[in-house]
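Residue numbers for the sequence shown follow the numbering used here, beginning at 357 and rising by one. Below you'll find the structure, written out as structure tokens, and then a few comments.
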Amino acid sequence: MNLKPLDENNASERAAATLAAVRKQMGFIPNLLGLMAHAPASLESYLALAGQFDSTSLDKTERQVVVMAVSQTNHCDYCAAAHTTMAKQQRIDPDIVTALYENKPIADARLQALREFAQQVAQSQGRPTAQQIQAFLDAGYDESQILEVVLGVAFKTLSNYTSHVTDVVIDPAFKSALQPA
């Protein structure tokens with residue numbers, strides 16, 4: 357694929373406004389979003405899913421656990437770097453960030469159960485076993501949060517697959533994630 361990331365100056369009118377808003381919020385346009393701008397519905401859907409996932413009952417650490425678990429499961433280096441950077445910016449416990457990035461166990465058993473459940477949902481294409489669901493519930497989560505994890509899996513799968521198919525280059529702003537927390 358030969359697509360290059362777009363910005364607000366060379367994107368369609370529909371995508372340009374969205375990219376300008378991204379630049380205003382983040383200070384730059386991540387390469388992945390610039391690539392998604394070639395299909396404005398993809399960009400808009402991704403950002404809408406991100407906003408909806410942020411509005412779930414899961415806290416910021418739990419949301420990063422879900423998106424990092426899915427990104428690791430889907431072998432998405434771009435998304436792992438981007439979300440590691442974001443987790444650091446959100447001041448999430450560095451030990452958790454490191455465990456997520458290095459795909460090592462999280463010391464907090466509840467967060468580890470969340471991570472495992474998100475991985476199981478992604479790996480099974482939305483078909484976790486009854487035992488996996490029960491382990492998630494036994495960790496202190498509720499049934500509505502199963503659906504919130506599914507939302508997180510869908511949100512990240514869209515970006516993971518887009519990253520793969522476009523062979524997106526990791527932004528300089530996210531390269532710091534490649535260093536220890």
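We put the beta carbon where it would ideally sit given N, CA and C, even for glycine.
The alpha helix (DSSP H) enclosing residue i, as first and last residue numbers
i	result
Arg370	369-382
Buried or exposed by the 16-neighbour rule on C-beta atoms within 10 Å, applied to residue i
i	result
Val521	exposed
Gly496	exposed
Pro450	exposed
Met357	exposed
Ala463	exposed
Val423	buried
Lys512	buried
Asp527	buried
Thr440	buried
Leu503	exposed
Asn366	exposed
Met442	buried
Gly508	buried
Gln501	buried
Ala436	buried
Arg447	exposed
Ser515	buried
Arg419	buried
Tyr457	buried
Ser411	exposed
Ser413	exposed
Tyr517	exposed
Please give me, in chain order, every unbroken run of the beta strand (DSSP E) with length at least 3 that falls completely inside the stretch 463-534.
none
Entirely enclosed alpha helix (DSSP H) segments - the stretch 387-462, minimum 4 residues
The stretch 387-462 contains these whole alpha helix (DSSP H) runs: 387-392, 396-410, 416-429, 433-445, 450-457.
Using a Cβ distance threshold of 8 Å, determine whether the stretch 463-475 contacts the stretch 424-441, with at least three qualifying pairs required.
yes
Take every Cβ of the stretch 385-393, pair it with every Cβ of the stretch 482-490, and state whether three or more of those distances are shorter than 8 Å.
No: fewer than three Cβ pairs fall under 8 Å.
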